[in-house]
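**Student:** Once you've had a glance at the structure underneath, I'll fire off some questions.
There are 2 protein chains.
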Amino acid sequence: MTQFLGTHVNKLDAKGRISIPAPFRASLRAAPGEAASLVLRPSHNLQCIEAWPIAAFQALATPLERLDVFSEEHDDLAATLYADAYPLEADKEGRIVLPESLVAHAGLSDTAVFMGLGRIFQIWEPAAADRRRAEARERARSRGLTIAGASA
Amino acid sequence: MTQFLGTHVNKLDAKGRISIPAPFRASLRAAPGEAASLVLRPSHNLQCIEAWPIAAFQALATPLERLDVFSEEHDDLAATLYADAYPLEADKEGRIVLPESLVAHAGLSDTAVFMGLGRIFQIWEPAAADRRRAEARERARSRGLTIAGASA
DNA sequence: TGGGAAGATTTGGGATATCATGGGCAAATA
DNA sequence: TATTTGCCCATGATATCCCAAATCTTCCCA
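Quick look at the structure:
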């Protein structure tokens, strides 16, 4: 599986479009028959936009199918998962337009940072991205970062 | 399967018509031979209108077929499902006219929010929609339905 | 090792199609 | 005849498509 790695900075143009960093594009080609290639949603606990390749998003949603359609649980989860999600495709140049509500959630103005997180990536306001990375690094360290197989 | 994703805001005009958001229209093309493409019903426990594509609604009704037609259970279920349901079609522009009773149930005035929930969507009064989303998120979280990959 | 050159990539902007919305007209209703 | 309902067209706003300029990378060769 292709992965999203690294950090890239791009600009929003006057029309609200932004290029997806070229290294990320490979992973988001729409499956034949599918309309969208990417699903964007506001992160639950962070001030950023989460970008899911369509396949990963569908996998994310599978737990739903096991629930009774009329249950409160199903309704809550569906609302949480779907109501804020926006499927979209890139234009021929590999650009997307970010829905207004997501731009607001992430506090974006004219520059955005794409942060690779393996199977998904995030879109951040630049300063927030810096803070976030410093914080993540710090927390990982204090927790005694140990990744199986990775030796210092 | 096409899914209803995202949230869209549209207006009711003087005649009580409202456009179905374009992204939702694809999923409600009537099957050839079918009259209606969409079934509306008041939500059981929420102050909103539920919109079912005809196919999904039929699937919803399948449990009925396993019940004895003369049983109380059948009657109750059938009444719940069908009595308040309105089948309707969109006009050439993709608009529908909301039945009065549903407008009342959802407390709509001149603006309505379409909330995608995967296989169905809901129609809300804007402020109520906001409250609902916050509540759903909160309840999903407290129930411990953490979404894989979506946190930290 | 440095300078170009060729190819990608990002960014800009104009033309075009789509969409939301408003209003008119005619058939249906009462 | 007054009122409503459904059907159709008109319009402005918006988003999408397409072409092209400006940057940035990479690679090659002197």
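For the record, the sequence lines run as chains A and B. Note that our numbering numbers the first sequence so that position 57 is 103, with each residue one more than the last. Note that our numbering numbers the second sequence so that position 97 is 143, with each residue one more than the last. Every residue, glycine too, gets a C-beta built ideally from N, C-alpha and C.
Kindly indicate the opening and closing residues of the alpha helix (DSSP H) around Thr-157(A).
**Tutor:** One-based indexing of the first sequence puts residue 157(A) at position 111. Element bounds for Thr-157(A): not the alpha helix (DSSP H) but the beta strand (DSSP E), 157–162.
**Student:** Mark Ala-182(A) as exposed unless 16 or more other C-beta atoms lie within 10 angstroms of its C-beta, in which case mark it buried.
**Tutor:** As a position in the first sequence, residue 182(A) is number 136, starting the count at 1. Burial call: exposed.
**Student:** Can you name the residues of chain B whose CB is closer than 9 Å to the CB of Glu-119(A)?
**Tutor:** Within the first sequence, numbered from 1, the residue matching residue 119(A) stands at position 73. What Glu-119(A) touches in chain B: Arg-185, Ala-186, Arg-189 and Leu-191.
**Student:** Please check the pair Val-85(A) and Thr-157(A), which I expect to be a contact at CB under 8 Å, by giving their CB distance rounded to whole angstroms.
**Tutor:** Here residue 85(A) refers to the residue found at position 39 when the first sequence is read from its first residue. Here residue 157(A) refers to the residue found at position 111 when the first sequence is read from its first residue. Going by Cβ atoms, the distance from Val-85(A) to Thr-157(A) rounds to 23 Å, so no, they are not a contact pair.
**Student:** Measuring only between beta-carbons, confirm whether Phe-116(A) sits less than 9 Å from chain B.
**Tutor:** Taking the first sequence and counting its residues from 1, the one referred to as residue 116(A) is at position 70. Interface residue, yes.
**Student:** Go ahead and label Asp-121(B) buried or exposed: buried means 16 or more other beta carbons lie within 10 angstroms of its beta carbon, across all protein chains shown.
**Tutor:** Numbered from 1 along the second sequence, position 75 holds the residue referred to as residue 121(B). Exposed, by the Cβ-count rule.
**Student:** Among the candidates Ala-180(B), Gly-153(B) and Pro-145(B), whose CA atom is the shortest distance from the CA of Lys-217(B)?
**Tutor:** Nothing can be reported for residue 217(B): it is not among the residues displayed for chain B, which extend from 47 to 198.
**Student:** What residues of chain B sit near Pro-133(A), judged by a beta carbon separation below 9 Å?
**Tutor:** To locate residue 133(A), count along the first sequence from 1; it is residue 87. Correct list: Gln-49, Leu-51, Gly-52 and Pro-69.
**Student:** Less than 9 Å separating the beta-carbons of Ala-136(B) and Ser-73(B)?
**Tutor:** Here residue 136(B) refers to the residue found at position 90 of the second sequence. Here residue 73(B) refers to the residue found at position 27 of the second sequence. It is not a contact, given that the beta carbons lie outside the stated cut-off.
**Student:** So, under 8 Å CB-CB, Pro-133(A) and Leu-51(B) are touching, yes? Tell me the CB distance rounded to an integer number of Å.
**Tutor:** Here residue 133(A) is taken as the residue at index 87 of the first sequence, counted from 1. Here residue 51(B) is taken as the residue at index 5 of the second sequence, counted from 1. Sure, about 5 Å apart at Cβ, within 8 Å.
**Student:** So Ala-182(B) contacts chain A; which residues on that side make the cut at Cβ distance below 9 Å?
**Tutor:** Taking the first residue of the second sequence as 1, we reach residue 182(B) at position 136. In chain order: Asp-121, Asp-122, Leu-123, Ala-124, Ala-125, Thr-126 and Ala-129.
**Student:** Would you identify the three-state DSSP class for Pro-99(B), choosing helix, strand or coil?
**Tutor:** For the purposes of this step, residue 99(B) is taken as residue 53 along the second sequence, with counting starting at 1. Three-state DSSP puts Pro-99(B) in a strand.
**Student:** Is there a Cβ from chain A that is less than 9 Å from the Cβ of Glu-91(B)?
**Tutor:** Here residue 91(B) refers to the residue found at position 45 when the second sequence is read from its first residue. Contrary to the premise, residue 91(B) reads as Asn rather than Glu in this sequence. Closer than 9 Å: yes.
**Student:** Could you check how far apart the C-beta atoms of Glu-171(A) and Gly-153(A) are, in whole angstroms? I think they sit under 8 Å.
**Tutor:** In the first sequence, residue 171(A) corresponds to position 125, counting from 1. In the first sequence, residue 153(A) corresponds to position 107, counting from 1. Confirmed, about 5 Å.
**Student:** Would you check if the distance between the CB atom of Thr-126(A) and the CB atom of Ala-186(B) is smaller than 9 Å?
**Tutor:** The residue you call residue 126(A) lines up with position 80 of the first sequence. The residue you call residue 186(B) lines up with position 140 of the second sequence. Contact: yes.
**Student:** Does the CB of Arg-179(B) have a neighbour CB from chain A at under 9 Å?
**Tutor:** Here residue 179(B) corresponds to residue number 133 of the second sequence, with the count starting at 1. It does; some Cβ of chain A falls within 9 Å.
**Student:** Start and end of the alpha helix (DSSP H) containing Pro-69(A)?
**Tutor:** Start at 1 with the first residue of the first sequence, and residue 69(A) comes out as number 23. Start and end: 68–71.
**Student:** I want to verify the contact list: residues of chain A whose CB lies under 7 Å from the CB of Leu-163(B), in sequence order.
**Tutor:** One-based indexing of the second sequence puts residue 163(B) at position 117. Ordered by position in chain A, the residues that pass the 7 Å Cβ test against Leu-163(B) are Ala-124, Ala-125, Tyr-128 and Ala-129.
**Student:** Verify the CB distance criterion: does Leu-84(B) have a CB-CB separation below 9 Å to chain A?
**Tutor:** Here residue 84(B) refers to the residue found at position 38 when the second sequence is read from its first residue. Leu-84(B) does not count as touching chain A.
**Student:** Restricting to Cα atoms, I'd like to know which of Glu-184(B), Asp-176(B), Thr-48(B) and Val-159(B) is closest to Ser-65(B).
**Tutor:** Residue 65(B) sits at position 19 when you count from the first residue of the second sequence. Of Glu-184(B), Asp-176(B), Thr-48(B) and Val-159(B), the residue nearest in Cα terms is Val-159(B).
**Student:** Determine, for Leu-106(B), whether the minimum Cβ-Cβ distance to residues of chain A falls below 9 Å.
**Tutor:** Within the second sequence, numbered from 1, the residue matching residue 106(B) stands at position 60. Yes - at least one Cβ of chain A is within 9 Å of the one on Leu-106(B).
**Student:** According to DSSP, is Arg-189(A) helix, strand or coil?
**Tutor:** On the first sequence, residue 189(A) is found 143 positions in, with the first residue counted as 1. Residue state, collapsed to three classes: coil.
**Student:** Is Thr-108(A) helix, strand or coil by DSSP?
**Tutor:** Walking along the first sequence from the start, residue 108(A) turns up at place 62. Here Thr-108(A) sits in helix by DSSP.
**Student:** Starting from Val-149(A), trace the alpha helix (DSSP H) in both directions and tell me its first and last residue.
**Tutor:** Counted from its first residue, the first sequence places residue 149(A) at position 103. Segment 146–152, the alpha helix (DSSP H) holding Val-149(A).
**Student:** For a test of the three-state rule: what should DSSP assign to Arg-141(B), helix, strand or coil?
**Tutor:** Here residue 141(B) refers to the residue found at position 95 when the second sequence is read from its first residue. Strand at Arg-141(B).
**Student:** I need the straight-line Cα distance from Thr-53(A) to Arg-179(A), nearest angstrom please.
**Tutor:** As a working mapping, residue 53(A) is identified with position 7 in the first sequence. As a working mapping, residue 179(A) is identified with position 133 in the first sequence. Straight-line Cα distance between these residues: approximately 11 Å.
**Student:** What does DSSP give as the partner residue(s) for His-120(A) in the beta ladder?
**Tutor:** Residue 120(A) sits at position 74 when you count from the first residue of the first sequence. Bridge partners of His-120(A): none, in fact.
**Student:** CB-CB under 8 Å to Leu-106(A), same chain, minus the five flanking residues each way: which ones, in chain order?
**Tutor:** Residue 106(A) sits at position 60 when you count from the first residue of the first sequence. Closer than 8 Å at the Cβ level, and outside the excluded window around Leu-106(A), lie Trp-98 and Leu-127.
**Student:** Given a cut-off of 9 Å, decide if Ala-102(A) and Ile-214(A) are closer than it, judged by their beta-carbon atoms.
**Tutor:** Outside the shown range of chain A (47 to 198) lies residue 214(A), about which nothing can therefore be said.
**Student:** State yes or no: is the beta carbon of Ile-66(B) nearer than 9 Å to at least one beta carbon in chain A?
**Tutor:** Here residue 66(B) refers to the residue found at position 20 of the second sequence. With 9 Å as the cut-off, Ile-66(B) does not count as an interface residue toward chain A.
**Student:** State the beta-bridge partners of Ala-57(B) as determined by DSSP.
**Tutor:** Walking along the second sequence from the start, residue 57(B) turns up at place 11. As written in the sequence, residue 57(B) is Lys, which differs from the Ala given in the question. Per DSSP, Thr-157(B).
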